[in-house]
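A short worksheet on the structure shown next.
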Amino acid sequence: MGVRTWIQDWPVYRQLTGNDPLGRGAAAESRRTAALRPRTDTADRVVGSICPYCAVGCGQLVYVKDERVVQIEGDPDSPVSRGRLCPKGSATLQMTTGDARAHQVLYRRPHGTEWEPLDLDTAMDMVADRVIATRRATWEWEVNGARVARTLGIASLGGAVLDNEENYLLKKLFTGLGIVQVENQARVCHSSTVAGLGTSFGRGGATTFMQDLQNADCVVIQGSNFAEAHPVGFQWVMEAKARGATIVHVDPRFTRTSALADLHVPIRAGSDIAFLGGLINHVLTEGKEFREYVVAYTNAATIVNDDFRDTEDLAGVFSGLDPEKGHYDPTSWQYRGAAIRSLAGSPDAARNEALDRIAVEHGAAGSESHGAGGQDVPPRTKRDETLRHPRCVFQLVKRHYARYTPELVEEVCGVPRETFAQVCDALTANSGPDRTSAFAYAVGWTQHTVGAQYIRAACVLQLLLGNIGRPGGGIQALRGHASIQGSSDIPTLFNLLPGYLPMPHAGAHGTLDAFVDAVRTRKGYWADMRAYMVSLLKAYYGDAATAENDYCFDHLPRLTGSHSTYDTVMAQLDGVCKGYFLLGENPAVGSANARLQRLGMAHLDWLVVRDFSLIESATWWRDGPEIETGEMVTEDIATEVFFFPAAAHTEKSGSFTNTNRWLQWHHAAVEPEGDARSELWFAHHLGRRVREKLAGSDDPADRLFLDLAWDHPVEGPLDEPIAAAVLAEINGRGPEGAPLSAYTQLRDDGSTSCGCWIYCGVFADGVNQAARRRPHTEQDWVAAEWAWAWPANRRVLYNRASAAPDGTPWSERKAYVWWDAAKRRWTGHDVPDFPPGLAPDHVPGRRAKGVAALRGDDAFIMQGDGKGWLYAPAGLVDGPMPTHYEPQDSPFPNALHPEHPRSPVRLMFPRAGNEYHPAGGARGSSVYPYVVTTYRLTEHFTAGGMSRWQPYLAELQPEFFCEVSPELAAERGLEHTGWATVITARNAIEARVLVTRRVPPLRAGGRTVHQIGLPFHWGPNGCTTGDAANELAAIVLDPNVHIQEVKALSADIRPGRRPRGPALRALVADYRRRAGSTERTGQEV
Amino acid sequence: MATHEPTSEPLPLSPSSGPHLLHGPEPAVAADAGHDNPPPRMGFFTDTSVCIGCKACEVACKEWNAIPEDGLDLTGMSYDNTAALGASTWRHVAFIEQPKPLGGQEAHLGEAPGAPSDLRWLMASDVCKHCTHAACLDVCPTGSLFRTEFGTVVVQEDICNGCGYCVPACPFGVIEQREGDGRAWKCTLCYDRLGAGQEPACAKACPTDSIQFGPLDELRERAAARVERLHGTGVPDARLYGEDPGDGIGGAGAFFLLLDEPEVYGLPPDPVVTTRDLPAMWRAAGVAALALLGGLAAVFAGAGRNGRTPRGRNGSAT
């Protein structure tokens, strides 16, 4: 630098000679400032990615400089997020690159008091040895004389935050090993969605996509805190509002969603079916149903069996209840003329078979199979299209809901009649040929003992209003993990195989033919399920699967009832399950009755935890709550614990399936550091090691595993399996090995393979369609060329219903898919969800089967009768129509059915540590007088593993709190920001108190109801710590899908911190004693 | 583009001589700060009527600017645990729970009857106002604070010496010294990103477009239309804050649409640049100094006449 430059660079010189007389601008600019360039501009490369938090699936851009991720922000090209991110998405850089990430494998030896570092290779070898040993020791060929070919000694939990490819490989590996207790967050979050939406419409996923909400004229958000839990998706609600839509939020609390709604309706937690039933009753008594839609596209006209008896006839239960066994025989619920499918010939045999199926389905969450659709019913039903027949579905529904009056809604839900009338008017005024309304819900609906029926109730309402399959309509299931939809579709779930094919049951599904015959339908696309199943077996077992050996169907382990994650906890406590994989899930915080979760883990021989940080489920043996209370002593715990650091989404390629069924690809940006590896790597190399160790074994159980096709290509310095190759396996291949482009190409003769039939097409033409990122600005609002949606890239499901029966749009304003008479094809803004050339007036011949049996107005092509179901004659185990029941732990009696206050078929697990409260109104129930509801906050994520360790998120919500009204605070002496202790029969926790009018007391059942809000994110580890709300919840489940009830439970609250040490258990026991709560309490049918 | 002839006024501080560089309307803030042919003045319009209080702005800001964590304290102020803008908080979302009807935010329903809906929850993301007349900048003795070509006000961390003069100068309490570091920090309106044609991190992240970034003129037009629309749909409380070039800070580069009085959000109702009266004060000080000098001179003159020196009189006192 010359002297001249040096002088000229001097600010004073510049001030005196330039145009900045005050020296506050150009003259003051430093050399560093002048040279500033954003790191988004200087990055070596920008990698397309997808946010790893919730299931909105926002696009992300990952900026890499010198092989390090330097910035992560929104991708403006994404049609769903348009470049925006919520606080969690915005904290992705800290989450993936922050110092909370572990990079070293850790080992805790039996009875050990400390972690020890372990090298990755040794750790993998040890885990492989333990898998082999435990499998051998616990292998069972038969149960009660029926082949099962499995082990109950090993279980796995986690998958919703993993890629589809990882879920696929994990399920394949575990199934190949004979492990059936494979579960993930989908069980505890949205399993009831699959049963609720699936039985109603045919597929268990959201019926629409996020951007389509902007076309709604009314959006009812209920059972969801949309703005807080899915902030970036909420922009589409705001778009609708800006266009004049009415936004209604029905929720116990006034949340950040309510703050932006036009109307907030406070409701008693656990009473939503009464509310929705009231809306249904309003629609039917006022004649507000969309009659032409209802007649053509729903089963309203179908005549039901004369034997069927409604809850209105039987004081709160449907016909077919076996009160001893606590389940229904649904035979009487069938359509008139429906013959029970016979496998053995004689009517008696058929009946027994049916009953066996019921028992099996009841025990095994069968309601989720087929995506819960595709229940086999007569393809052509007896119908009365005048809807006047007393046994037609329409009349049955009308009668069932006749008592759900505004007065009843007020009494049960605590919603004043005037407010209820506003919701009725908003909804009915905005539904019809020219207007549509959408519903959005989340786990506020799913997590109940009648969770599937909550969703069914919304389905019935939306079908009556004609809002399904139409733009601006639909039911938006808001899922909350990046790929929780994917981990349902390619399930790490015990009861499902990929594509909602059911896992086979011992006995009932002895052969492939018996299995197919029991599962397929006679009409629609489920009629071809043999092709889907055989193609899956070819993908699993490759060349070993032949026609002669039933394509290795016998290799699949068999179910003998429920093996859900909650059953697994019981199996751990009972010493049956000895080895446990936790793959990105934290049940010590996130699952109901967190204490029992930990006690179960303390019974294990070995535990493998794969996560980013040392979550509570990895450290309970040294610093868990039971160590503090003295219930456990570290030195006494024999469980061996392996901790493996996991790779982040930026460190691996793969696809997430978002809440609207879009498979979106994220590209690896950098290699993972240290010992961190992807689950794809873990599954592949664990399988490889086990194979190597078993090679040459002539143990027949080992032979089953060795037949598994396990030759995934690997790449790079870490031998990472090529994710795209796994996706190609999922997509499927034809006889020549070329990628298939549609599931209609699948064959049942072993010539095709396909790892998940509903994903067939994601690799069409050999191109990874999930990786498509054509900017939304370059396409229409449907954005069909962004990523790929199952099935067949359809964005709005059942969109045949967006046209009238004659194929013309219902209205100009709501045109979406219609029949082009000239070209004799369906066309429009989306891929038609219908056979493309099937004319609207088509009537199939009487002998037609499968897809050929579809009529031109069968808008629900996955349903056995082609119709949307107002009434579910099959598929659900707790009734054909949603009925209001109280939660398991409720302070209220049932105003509708005093004799049967709670679902008569709910699943209970009575045992020490899982005691229930006395029924509402019963002696002792007043010991737990308040209603607790649990929820998420925007600033945190699920059980906290991806937020409590991030300082930028922790500081925004730094402490666990409870929300109470000023009235409750006064009643119990609670002070704002002071401490409170919340107590149930299971446990007691402490929380800071927020006194707020946002949780208003309600008048219901003739008394005041106080509700207590508890966010469930906290646990003892991380930057921000606190008690876990799930300590309070009991394990009590929806019988359809085995989801737990954590959205409404009774409790007591009192000021001050909870006791420490043994006094904590003493407090809980004292409450139980006062309530008379024992292991036998609360089990009345 | 707003081009502006650099002022040739000999006394730019004078209140009586045309454009005033310390208060009053100032249409060419960047040009007057010596930037030749500056781009349009850029700013934020924060429309709090669509804010969902998600705090994405706070996190996106921290991630981009690598700002340290700012304390893990539950404040009890609704969901606001950030509490205030400061050295390590450049975006702050305020939460106000009010016993006022929810309706009114573009309500498409009639008045909601009954008590339950008589509640609203205001959320607003606050930020440095990037004042037209920025006292922090005026008082900065090192030239660390400077006016950029975008009209924004930025601290240069390589220049700041931590004197702290800017801290009391800000009428909004925005700028603050960071503990352990000593230097002053605040929102830069992502000056580095702007230079590359990118929008600030907070505005980019904002899920509902509550934070809008753009040329200030455009934002002001958009904001006026938004207020009009809100008034038309039954939100009479909607008003703009900081958009008026005639206000005490010459208008803010970051202004807001509020649904209640500014005080409700913790904003000063009528902020005035604390250096507004600087020229007058200097003049007064100058007069005082002159008077003092004159007085001293008179004393000396008088003393001279008396032939005695003060020292002579008190010489032995010390």
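Chains as they are written, first to last, in my numbering: chain A, 13 to 1097; chain B, 1305 to 1622. Glycine residues also receive a C-beta, built at the ideal position from the N, C-alpha and C atoms. Note that the structure is predicted; figures quoted are calculated from it, not measured.
- Sixteen is the threshold: when 16 or more other Cβ atoms of the shown chains lie within 10 Å of the Cβ of M515 (chain A), as they do, the residue is buried.
- With a beta-carbon spacing of about 6 Å, L965 (chain A) and P99 (chain A) fall inside the 8 Å limit used to define contacts.
- Residues of chain A whose Cβ lies closer than 9 Å to the Cβ of R1526 (chain B) do not exist, since the nearest Cβ in that chain is about 13 Å away.
- Shortest Cα-Cα distance from G165 (chain A) to any of A:E790, A:V588 and A:A1087 involves A:V588.
- In this chain, G456 (chain A) is not harboured by any beta strand (DSSP E); it is covered by the alpha helix (DSSP H) spanning V455 to T458.
- Cβ neighbours of Y928 (chain A) within its own chain (closer than 8 Å, five residues either side excluded): Q900, D901, M920, P922, A997, A1046, V1048, S1089, T1093, G1094 and Q1095.
- Under the Cβ distance rule, R1424 (chain B) counts among the residues neighbouring chain A, one pair being separated by less than 9 Å.
- Between F624 (chain A) and A600 (chain A), the gap from beta carbon to beta carbon reaches 9 Å or more.
- Per DSSP, reduced to three states, the secondary structure at R147 (chain A) is helical.
- Look at the stretch 1507 to 1524 of chain B: the residues with a C-beta under 8 Å from a C-beta of chain A are K1508, A1509, C1510, P1511, T1512 and D1513.
- Under a 10 Å Cβ-count criterion, H1535 (chain B) is classified as exposed, with fewer than 16 other Cβ atoms of the shown protein chains found around its own Cβ.
- Note: I191 (chain A) is bridge-paired with A:T163 in the DSSP secondary-structure output.
- Short of 6 Å from the beta carbon of A1488 (chain B), and not among the five residues preceding or following it, lie these beta carbons of its own chain, in chain order: V1459, C1464, C1470, I1479 and Q1481.
- For the 9 Å CB-CB criterion, T440 (chain A) and H575 (chain A) do not form a contact.
- For the stretch 90 to 103 of chain A, residues whose beta-carbon sits nearer than 7 Å to a beta-carbon of chain B comprise G95, R96, L97, C98, P99, S102 and A103.
- Against H988 (chain A), the close residues of chain B are G1380, in the order they occur along the chain (beta-carbon pairs closer than 7 Å).
- Shown here is that no member of the stretch 684 to 713 of chain A has a Cβ falling below 9 Å from a Cβ of chain B.
- Sequence-distant Cβ neighbours of A1527 (chain B) in its own chain, meaning closer than 8 Å and more than five residues away, are F1349, D1351, L1544, E1547, F1559 and L1561.
- G1338 (chain B) reaches chain A at G30, N31, D32, G37, A38 and A39, counting residues in chain order whose Cβ is nearer than 7 Å.
- The three-state secondary structure of Q223 (chain A), taken from DSSP, is helix.
- For K879 (chain A), there is no enclosing alpha helix (DSSP H), as DSSP marks it with neither H nor E.
- Proximity of C1035 (chain A) to chain B, defined by a Cβ-Cβ separation below 9 Å, is satisfied.
- Contact between the stretch 490 to 507 of chain A and the stretch 661 to 673 of chain A is present: 3 or more CB-CB pairs across the two stretches fall below 8 Å.
- Within chain B, the residues L1423 and W1425 have their CB atoms less than 7 Å from the CB of F266 (chain A), given in chain order.
- Assigned with DSSP and collapsed to three states, I487 (chain A) falls in strand.
- For T146 (chain A), none of the residues of chain B pass the 9 Å Cβ criterion, the least Cβ distance being about 42 Å.
- Listed in chain order, the positions of the stretch 961 to 990 of chain A with a beta carbon within less than 8 Å of a beta carbon of chain B are P963, Y964, L965, A966, E967, L968, Q969, P970, E971, F973, H988 and T989.
- Closer than 8 Å at the C-beta level to chain A, one finds these residues of the stretch 1481 to 1498 of chain B: C1494, Y1495, D1496 and R1497.
- Against N1369 (chain B), chain A offers no close residue; the least beta-carbon distance is about 11 Å (beta-carbon pairs closer than 7 Å).
- Just so you know, the alpha carbons of E652 (chain A) and W618 (chain A) end up roughly 4 Å apart.
- Per DSSP, the continuous beta strand (DSSP E) segment holding S1429 (chain B) begins and ends at R1424 to V1431.
- For L718 (chain A), the enclosing alpha helix (DSSP H) begins and ends at P712 to L718.
- A residue is called buried once 16 or more other Cβ atoms fall within 10 Å of its Cβ, and Q27 (chain A) is buried on that count.
- In this chain, the alpha helix (DSSP H) harbouring D1521 (chain B) covers L1520 to G1536.
- Residue contact check for N1385 (chain B) against chain A: a CB pair falls below 9 Å.
- The Cβ atoms of Y340 (chain A) and V917 (chain A) sit closer than 9 Å to each other.
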